[in-house]
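Taking our numbering, I'd label the letters of the sequence shown as residues 7 to 514. For every residue, glycine included, the Cβ atom is placed at its ideal position computed from N, Cα and C. If you're wondering where the values come from, they're calculated on a predicted model, not measured in any experiment. First the structure, in the form of structure tokens, and then the observations on it.
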Amino acid sequence: MSSPAQPLAASLVQSVDWLAIAPPTIAAVVALAVLVADLFVAEHRKALLGWTSVAGLAAATLMLLPLLDGDRSTFCLTRDAAVCSYTADRFTLVIQFLVLGGALLAALLSVTALKDARKTLPEGEYWFLLLSSAAGAALLPASRDLATLIVALEVASLPAFALVGLKYGDRKSSEAALKFFLSSVTATAVSLMGISFLYASTGTLHLTQVADRIQHVDGQLHTLADTGVVLTLVGFAFKTAAVPFHFWVPDTYVGAPLPIAAYLSVIGKAVGFSGLILVTVVALPSYADVWGPALAALAAFTMTVGNVGALRQQATRAYSAVRLLAWSSVGQAGYLLVPIAAAAYSGDPEKSIGSTVAYALMYGAVNLGAFAVAALVGRTKSLNRVADYRGLYASNPLSALLLAFFLLCLAGLPPGVIGLFAKVTVFSAAVDAGLGWLAVIMAVNVVIALFYYLQWTALLFRAAVEGEAGKHRVPAPLTAALALTGVLGIVLSGAPQLVLRFTDTGLF
């Protein structure tokens with residue numbers, strides 16, 4: 007009786023490519039190390055936890071370099087080595103660079119924020135949650151089955167709820183965390199229902215097998231499969247903060263610690279969009295006639311509502327700077343959706359997806375830079391209103407010039423050449439796919455966005471209100487974050503053709 011069992015047991019043993027999974031693994035291991043170390047580190051030496059976390063994220067990012075020599079896969083089916091649960095291809099590496107690099111910049115902002123918080127933020131828990139979320143976010147783009155995808159999504163999302171509401175005794179923070187939690191739990195429930203329907207109708211969770219089998223579903227299961235596709239798409243639309251699933255964004259960004267708002271604006275979007283790309287283009291290409299028009303409509307609504315919301319922000323309202331960046335991020339999500347929708351109509355879907363990836367890289371660098379300047383101003387102006395930035399050039403010329411550059415990149419105006427280049431790439435993806443109407447809506451929204459970006463930029467160089475001008479001291483971690491984002495934005499603006507390298511995602 008034992009002899010037949012031995013080959014079966016042997017067939018279940020899988021080899022693990024530790025180099026391929028190193029980036030998310032390092033982040034997860036450092037998270038556990040920081041949590042344990044927090045029990046033994048004296049109160050006056052808690053800053054060591056922050057710098058350990060920064061070093062861990064830097065190491066995880068550097069571990070992407072050995073993976074550039076070719077695609078690697080692990081956790082593959084023993085009966086079919088070509089079907090794997092984890093793949094480190096070009097798409098994975100670019101998104102992991104965005105996620106881990108963005109988390110590293112958020113960690114640099116957090117070092118200063120935790121020092122200024124004066125014990126209202128527990129340091130050990132903060133760093134553990136940030137690193138855990140980053141590990142989940144880095145795992146997601148490598149996921150090639152629906153189970154791993156949803157687990158990675160939740161590992162990235164669950165710590166983020168706690169980070170938003172981590173401030174002791176802050177009602178605004180607690181309310182923001184509750185809104186974020188309820189919206190994300192709804193998204194997860196809808197996604198899980200859709201995935202269970204897809205599994206029931208296809209008998210597999212691996213994306214490439216779902217793509218093959220869903221085209222040949224038994225007639226009795228067609229309705230189940232169709233419902234599964236719709237529910238899965240709706241769930242991921244929540245995660246991308248697409249309209250009408252965006253209602254949590256402004257209050258969450260305002261209530262969260264500013265570095266976490268920056269983290270959510272970039273890494274949260276990278277997680278949602280990479281998951282959406284994998285589900286639509288890789289797992290459900292045969293349903294392009296369903297998700298293509300749906301995503302095109304979502305893109306149009308999202309960019310319009312986001313930009314109009316940003317336009318309506320009053321400069322003197324409390325936290326209006328953070329709210330403007332929040333609404334702006336909703337509008338930018340609309341631009342990111344355009345090439346994914348175009349992939350449904352395009353003869354070259356890989357190029358369309360590459361446009362989203364390239365735009366996400368530009369947006370990540372300059373948006374984190376804008377949040378870094380907001381964190382600097384917020385150290386002396388706790389209400390962080392747009393009006394508080396008046397005369398920033400007089401008190402801190404370099405920070406004002408950097409913020410002006412970041413805002414012009416987001417607007418798509420010179421000298422922010424990379425912003426213009428990324429917008430043209432997205433615009434051409436829509437036109438090439440025959441979505442002229444969506445390209446027109448995008449052009450109108452770009453003009454709307456110009457108004458509030460330029461209005462904020464002009465305010466930086468106006469004379470400060472008498473008695474309010476003051477020198478902003480820039481701590482070393484903030485300086486490093488500003489320098490990294492500034493250099494990256496300037497280099498890409500000087501050589502925007504570098505972005506073209508990311509149009510070959512390796513997904514096909």
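Of the listed residues Met309, Ser202, Gly495, nearest to Ala588 (C-alpha basis): There is no way to answer for residue 588, as the model of the chain reaches only from 7 to 514.
For Tyr174, count neighbouring C-beta atoms within 10 Å of its own C-beta (all shown protein chains included) and say buried if the count is 16 or more, exposed if not. On the sequence shown, residue 174 is found 168 positions in, with the first residue counted as 1. By the neighbour-count rule (16 or more Cβ atoms within 10 Å), Tyr174 is not buried but exposed.
Using a threshold of 7 Å, state whether the C-beta atoms of Gln221 and Ser139 are closer than that. Residue 221 sits at position 215 when you count from the first residue of the sequence shown. Residue 139 sits at position 133 when you count from the first residue of the sequence shown. No, they are not a contact pair.
Judging by CA-CA distance, which residue of Ala148, Ala48, Thr208, His50 is the nearest neighbour of Thr80? Position 74 of the sequence shown, counted from the first residue, corresponds to residue 80. Answer by Cα proximity: Ala148.
Count the other CB atoms within 10 Å of the CB of Ala324; is the residue buried (16 or more) or exposed (fewer)? The residue you call residue 324 lines up with position 318 of the sequence shown. Looking at its Cβ environment, which holds fewer than 16 other Cβ atoms inside 10 Å, Ala324 is exposed.
Use the C-beta contact count for Thr362: other C-beta atoms within 10 angstroms, 16 or more gives buried, fewer gives exposed. Here the question's residue 362 lines up with position 356 in the sequence shown. By the 10 Å Cβ count, Thr362 comes out buried.
Shortest alpha-carbon distance to Ala28 belongs to which of Asn390, Ala66, Ala436? Locating residue 28 in the sequence shown gives position 22, counting from the first residue. Of the candidates Asn390, Ala66, Ala436, the one whose C-alpha sits nearest the C-alpha of Ala28 is Ala66.
Should Thr194 and Ala339 be called a contact, given that it needs their Cβ atoms to be closer than 7 Å? On the sequence shown, residue 194 is found 188 positions in, with the first residue counted as 1. On the sequence shown, residue 339 is found 333 positions in, with the first residue counted as 1. Taking a C-beta distance under 7 Å as the contact criterion, Thr194 and Ala339 do not qualify as a contact pair.
The beta strand (DSSP E) that contains Phe81, what's its start and end? Within the sequence shown, the letter at position 75 stands for residue 81. Looking at the DSSP string, the run of the beta strand (DSSP E) that includes Phe81 is 78–82.
Touch test, the segment 368–376 against the segment 403–416, Cβ-Cβ under 8 Å, three pairs minimum: Taking one beta carbon from each stretch, the segment 368–376 and the segment 403–416 have 3 or more pairs nearer than 8 Å; the two touch.
For a test of the three-state rule: what should DSSP assign to Tyr259, helix, strand or coil? In the sequence shown, residue 259 corresponds to position 253, counting from 1. Helix.
According to DSSP, simplified to helix, strand and coil, what is Met7? As a first step, residue 7 must be located in the sequence shown, where it is residue number 1. Because Met7 sits at a pLDDT of 42, beneath the cut-off of 50, its placement in the model cannot be relied upon, and the following sentence gives the value as read from the coordinates. The answer is coil: DSSP assigns Met7 none of H, G, I, E or B.
Enclosing alpha helix (DSSP H) for Ala94 [first to last residue]: Along the sequence shown, read from residue 1 onward, the residue named residue 94 stands at position 88. Not the alpha helix (DSSP H): Ala94 falls in the beta strand (DSSP E), residues 90–94.
Give a yes or no on whether the C-beta atoms belonging to Ser163 and Ser207 are separated by under 7 Å. Walking along the sequence shown from the start, residue 163 turns up at place 157. Walking along the sequence shown from the start, residue 207 turns up at place 201. With a cutoff of 7 Å on beta-carbon distance, Ser163 and Ser207 are scored as not near each other.
Alpha carbon to alpha carbon, how far is Val446 from Phe433? Here residue 446 is taken as the residue at index 440 of the sequence shown, counted from 1. Here residue 433 is taken as the residue at index 427 of the sequence shown, counted from 1. Roughly 9 Å between the two C-alpha positions.
Would you decide whether Trp24 is buried or exposed? Buried here means 16 or more other CB atoms lie within 10 Å of its CB. Counted from its first residue, the sequence shown places residue 24 at position 18. Exposed, because fewer than 16 other Cβ atoms sit within 10 Å of the Cβ of Trp24.
Cβ neighbour criterion (16 or more within 10 Å) applied to Phe46: Reading the sequence shown from its first residue, position 40 is the one you call residue 46. Exposed, by the Cβ-count rule.
Hey, Val40 and Phe167: beta-carbon distance below 7 Å or not? Residue 40 sits at position 34 when you count from the first residue of the sequence shown. Residue 167 sits at position 161 when you count from the first residue of the sequence shown. No; because the gap between Cβ atoms is not below 7 Å, this pair is not in contact.
If you count every other CB in all the chains shown that lies within 10 Å of the CB of Ser21, and 16 or more means buried, which is it? As a working mapping, residue 21 is identified with position 15 in the sequence shown. Here Ser21 is exposed: its Cβ has fewer than 16 other Cβ atoms, across all protein chains shown, within 10 Å.
From the DSSP secondary-structure annotation, give me the bridge partner or partners of His222. As a working note, residue 222 is residue 216 in the sequence shown. None, per the DSSP bridge assignment.
Cβ neighbours of Ser280 in the same chain (closer than 7 Å, five flanking residues each side left out): On the sequence shown, residue 280 is found 274 positions in, with the first residue counted as 1. Contacts found: Ile101, Leu146, Pro147.
C-beta atoms of Val105 and Ala144 nearer than 7 Å: Mapped onto the sequence shown, residue 105 falls at position 99. Mapped onto the sequence shown, residue 144 falls at position 138. Yes, these two residues count as a Cβ contact at 7 Å.
Is the beta carbon of Val328 closer than 7 Å to that of Tyr395? Indexing the sequence shown from 1 puts residue 395 at position 389. Indexing the sequence shown from 1 puts residue 328 at position 322. No, Cβ-Cβ distance for Tyr395 and Val328 is not below 7 Å.
Inter-residue spacing [alpha-carbon to alpha-carbon] between Leu71 and Leu484: Residue mapping note: residue 71 aligns to position 65 of the sequence shown, counting from 1. Residue mapping note: residue 484 aligns to position 478 of the sequence shown, counting from 1. Whole-angstrom Cα-Cα distance: 26 Å.
Please classify His212: does DSSP put it in a helix, a strand, or coil? Taking the first residue of the sequence shown as position 1, residue 212 is located at position 206. The answer is strand: DSSP assigns His212 an E or B state.
C-alpha distance - Ser335 paired with Ala378, whole-angstrom precision: Taking the first residue of the sequence shown as 1, we reach residue 335 at position 329. Taking the first residue of the sequence shown as 1, we reach residue 378 at position 372. Looking at the two C-alpha atoms, the distance is approximately 15 Å.
Counting only runs of 3+ residues fully inside the segment 426–509, write out the beta strand (DSSP E) ranges in chain order. none
C-beta contact flag for Leu284 and Ala248 at 7 Å: As a working note, residue 284 is residue 278 in the sequence shown. As a working note, residue 248 is residue 242 in the sequence shown. No; because the gap between Cβ atoms is not below 7 Å, this pair is not in contact.
By alpha-carbon positions, which one of Leu330, Gly384, Leu409, Ser91 ends up nearest to Cys489? Translated into the one-based positions of the sequence shown, residue 489 becomes position 483. In the sequence as displayed, the identity of residue 489 is Ala instead of Cys. Residue Leu409 is the option with its Cα nearest to Ala489.
Val89 to Val36 span [Cα, whole Å]: Within the sequence shown, the letter at position 83 stands for residue 89. Within the sequence shown, the letter at position 30 stands for residue 36. Each residue's alpha carbon lies about 30 Å from the other.
To the nearest whole angstrom, what separates the beta carbons of Ala366 and Ala464, a pair I think is in contact under 8 Å? Position 360 of the sequence shown, counted from the start, is the residue given in the question as residue 366. Position 458 of the sequence shown, counted from the start, is the residue given in the question as residue 464. Not confirmed; about 28 Å, so no contact.
Whole angstroms are fine: how far does the CA of Ala482 sit from the CA of Ser401? The sequence position of residue 401 within the sequence shown is 395, counting from 1. The sequence position of residue 482 within the sequence shown is 476, counting from 1. Their backbone Cα atoms lie some 18 Å apart in a straight line.
Assign Pro30 to one of two classes, buried (16 or more other C-beta atoms within 10 Å of its C-beta) or exposed (fewer than that). Here the question's residue 30 lines up with position 24 in the sequence shown. Classification of Pro30: buried, given that the 10 Å Cβ count is 16 or more.
Sheet register partners of Asp151 (DSSP bridge): Along the sequence shown, read from residue 1 onward, the residue named residue 151 stands at position 145. Paired residues: His212.
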